[in-house]
Amino acid sequence: MNRHLHSLFRTKPLAELAREGATTRLRRALGTWDLVALGIGAIIGAGIFSTIGTAAAGNLADGRVAAGPALVLSFILTAVACGFTALCYAEMASMIPISGSAYTYAYATMGELAAWIVGWDLLLEYAVSNVAVAISWGDYARSFLANVVGVRIPAWLATDPRTALTLVEGASPMGLAEKLTVLAQARAGEVDGSAVFAGWEALRDAPTVAGFPVTINLLAVFITVIITWLVYIGIRESARANAVMVVVKVAILLAVAGIGLRFVQGANWVPFSPNGWQGVQAGAAIIFFAFIGFDAVSTTAEECRNPSRDVPRGIIWSLLICTLIYVLVAAVVTGMVHYTELAGKADPLAYVFERYNLGWLAGIIAFGAVIATTAALLVYQVGQPRIFMAMSRDGLLGPWFGRVHPRYGTPGNATLLTGALVAVPAALGNIAEVVELTNIGTLFAFSLVCASVLILRVARPDAPRRFAVRWPWLVAPAGIFGCVWIARGLPTVTWVRFFVWMGLGLVLYFVYGRRRSALAARQAGERQASRGGGRGAAQKST
Numbered sequence: 001m002n003r004h005l006h007s008l009f010r011t012k013p014l015a016e017l018a019r020e021g022a023t024t025r026l027r028r029a030l031g032t033w034d035l036v037a038l039g040i041g042a043i044i045g046a047g048i049f050s051t052i053g054t055a056a057a058g059n060l061a062d063g064r065v066a067a068g069p070a071l072v073l074s075f076i077l078t079a080v081a082c083g084f085t086a087l088c089y090a091e092m093a094s095m096i097p098i099s100g101s102a103y104t105y106a107y108a109t110m111g112e113l114a115a116w117i118v119g120w121d122l123l124l125e126y127a128v129s130n131v132a133v134a135i136s137w138g139d140y141a142r143s144f145l146a147n148v149v150g151v152r153i154p155a156w157l158a159t160d161p162r163t164a165l166t167l168v169e170g171a172s173p174m175g176l177a178e179k180l181t182v183l184a185q186a187r188a189g190e191v192d193g194s195a196v197f198a199g200w201e202a203l204r205d206a207p208t209v210a211g212f213p214v215t216i217n218l219l220a221v222f223i224t225v226i227i228t229w230l231v232y233i234g235i236r237e238s239a240r241a242n243a244v245m246v247v248v249k250v251a252i253l254l255a256v257a258g259i260g261l262r263f264v265q266g267a268n269w270v271p272f273s274p275n276g277w278q279g280v281q282a283g284a285a286i287i288f289f290a291f292i293g294f295d296a297v298s299t300t301a302e303e304c305r306n307p308s309r310d311v312p313r314g315i316i317w318s319l320l321i322c323t324l325i326y327v328l329v330a331a332v333v334t335g336m337v338h339y340t341e342l343a344g345k346a347d348p349l350a351y352v353f354e355r356y357n358l359g360w361l362a363g364i365i366a367f368g369a370v371i372a373t374t375a376a377l378l379v380y381q382v383g384q385p386r387i388f389m390a391m392s393r394d395g396l397l398g399p400w401f402g403r404v405h406p407r408y409g410t411p412g413n414a415t416l417l418t419g420a421l422v423a424v425p426a427a428l429g430n431i432a433e434v435v436e437l438t439n440i441g442t443l444f445a446f447s448l449v450c451a452s453v454l455i456l457r458v459a460r461p462d463a464p465r466r467f468a469v470r471w472p473w474l475v476a477p478a479g480i481f482g483c484v485w486i487a488r489g490l491p492t493v494t495w496v497r498f499f500v501w502m503g504l505g506l507v508l509y510f511v512y513g514r515r516r517s518a519l520a521a522r523q524a525g526e527r528q529a530s531r532g533g534g535r536g537a538a539q540k541s542t
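Our numbering applies: residue 1 is where the sequence shown begins, and numbers increase by one.
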């Protein structure tokens, strides 16, 4: 019993991790500014363009209170919490410069079971969050094509089935069968479909199979396929494309903030914090999605020319730059209109400029959103396959996941699988639950990385650290506290879904991963050799 329990907490030696990093088959092509750009590319995505309105104005339907102009504080406090975590990531990345990120850090400090849990959890941060990003990209791309280019994509080719069948506010609750009956009546002209279904535009023209409307978010699938192909053919190509997109989206956000400053009215900042700290916390729980991504830099460690030096720099600088941009944009937006006007606005940045008859800026903002979400999608698609590869190298996933493409030097199989895992849910899924599930999964991983720093400070105080956190016994606990504080603002249903997801991961570990562990096999072989050596010595002495 003790042996089985001990096996759950076997850790991977730092020396072994160092050997793996030195013998990587991936192509080392990235420098400091490549990593900073990757971090910015991941962080500035759909969040700043879409969640800022909900965070500022709240949502009475789900009981979420408004942050109001104090959204600026929500951004600052979230940035501080992420900053503590970023420092911890920087230290761990300097000590363990290999792909795997929080998964590998947990394996080195807390053991195999914790590593599996983190690896499974990271699916929520990378693959599942990319579902949300791909869906957002489809919305922004459709708006941009219609309003700027003049090309209209049919609604049924840009809407998932669940969203299409969502009832309008105030409609009587219905089951699926009743919805289909009413839909048939609406399509026959007997009922006003727009008075029943929020997605009536898509349902009206969609083909049907056995009475069920066939709607699909084809735009989300399209961008996922394109990005998956780009990530598949090489990290250098991906980094170059990301750098171009980062320059474009940062320039657009700075231009938007600069123009908006002319229209800021101090009266719109009163009351500054209409719901006190409760509103600030609720806002932080939403806009945390806008900060996710800086940790993705650590997944490219094996493709960096000097990972111990450059990965910490990439993490910290990308977070600092994005925080300054976010605070500036939040202050300008809440100063241009009263925060209550942002309620229910899916495109708050475009809305505030249309209020001042600057509709021409809406097209630029839509283009910026398309570019921003494209870059974020790219970086997350880079991160997830490398988590799969690290888990495969440890035997917790099959060898198929870890195969490196002989020509492109990328984890080819894992990249294609990640593309499929994102494309299918993005085509058929809804963004509402995905964002908050991503947030809680990321907060969990962040907390464990902070804890890993403390564990190694006790277990391996002598281990070399190219980057060392000052005052670790203050910074790491503060990072954990910040993550818990933000997570408390998430609704109960998100916690339930998270625990169900993690429970499923535990089942998979005990069914497959635990029995295939490469570390367990090596340790068993060493014990066998030790016993054999002992018996041989005893026979010689007799």
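Where is the CB? At the ideal position from N, CA and C, for every residue including glycine.
Item: Cβ distance (whole Å) where L30 is taken to contact R305 below 8 Å; Value: 7 Å
Item: Own chain, CB closer than 8 Å to D205, minus 5 neighbours either side, in chain order; Value: P154, A155, W156
Item: CB-CB length for I546 against Y408, believed under 8 Å; Value: Limits of the chain in this structure are 1 at one end and 542 at the other, which puts residue 546 out of reach.
Item: Per DSSP, the bridge partner or partners of F197; Value: L167
Item: 8 Å CB neighbourhood of T11 in its chain, flanking five on each side removed; Value: Y107, A108, T109, M110, G111, E112
Item: Contacting residues, own chain, Cβ-Cβ under 8 Å from M1 (five flanking each side not counted); Value: Only weak support exists for where M1 lies, its pLDDT of 49 falling under 50; the value from the coordinates is given anyway. Closer than 8 Å at Cβ, skipping near neighbours: no residue.
Item: Whole-angstrom C-beta distance between A164 and P213, which should lie under 8 Å; Value: 6 Å
Item: Which of helix, strand or coil DSSP assigns to P13; Value: coil
Item: Nearest-angstrom beta carbon gap, L342 and A22 [assumed within contact, 8 Å]; Value: Not quite, the Cβ-Cβ distance comes to about 51 Å (not below 8 Å), so this is no contact.
Item: Given 8 Å, three or more beta-carbon pairs between the stretch 274-281 and the stretch 63-77; Value: yes
Item: Three or more C-beta pairs below 8 Å linking the stretch 164-179 and the stretch 379-395; Value: no
Item: Whether V469 touches V453 by CB criterion (8 Å); Value: yes
Item: Continuous alpha helix (DSSP H) assignments of at least 4 residues falling wholly in the stretch 303-383; Value: 307-336, 348-354
Item: Cβ contact (3+ pairs, closer than 8 Å) linking the stretch 130-146 and the stretch 360-377; Value: yes
Item: Span separating the alpha-carbon of G419 from that of G429; Value: 15 Å
Item: Separation of A115 from E303, as counted between CA atoms; Value: 22 Å
Item: Three CB pairs or more closer than 8 Å across the stretch 307-319 and the stretch 33-46; Value: yes
Item: 7 Å CB neighbourhood of S194 in its chain, flanking five on each side removed; Value: W200
Item: Stretch-stretch touch, CB-based, cutoff 8 Å, three pairs: the stretch 487-501 with the stretch 513-525; Value: no
Item: Beta-bridge partners of V209, as assigned by DSSP; Value: F212
Item: C-alpha gap between A544 and I292, whole angstroms; Value: The chain is shown from 1 up to 542; residue 544 falls before or after that span and cannot be answered.
Item: Start-end ranges of the alpha helix (DSSP H) lying completely within the stretch 103-173, minimum 4 residues; Value: 112-123, 129-144, 161-164
Item: Of the listed residues V337, A284, A427, nearest to V270 (C-alpha basis); Value: V337
Item: Paired residues, beta bridge with N217 - DSSP; Value: A158
Item: Residue interval of the alpha helix (DSSP H) (run including I76); Value: 71-95
Item: Exposure label - E91; buried when at least 16 CB within 10 Å; Value: buried
Item: Cutoff 8 Å: V196 Cβ touching any chain C Cβ; Value: Reference to chain C is not applicable here, since this structure consists of a single protein chain.
Item: Simplified DSSP state of L396, which is helix, strand or coil; Value: coil
Item: Beta-bridge partners of L519, as assigned by DSSP; Value: In the DSSP output, where bridge partners are listed per residue, L519 has none listed.
Item: Backbone secondary structure at L490 - three-state DSSP; Value: coil
Item: Opening and closing residue of the alpha helix (DSSP H) in which R187 lies; Value: 176-187
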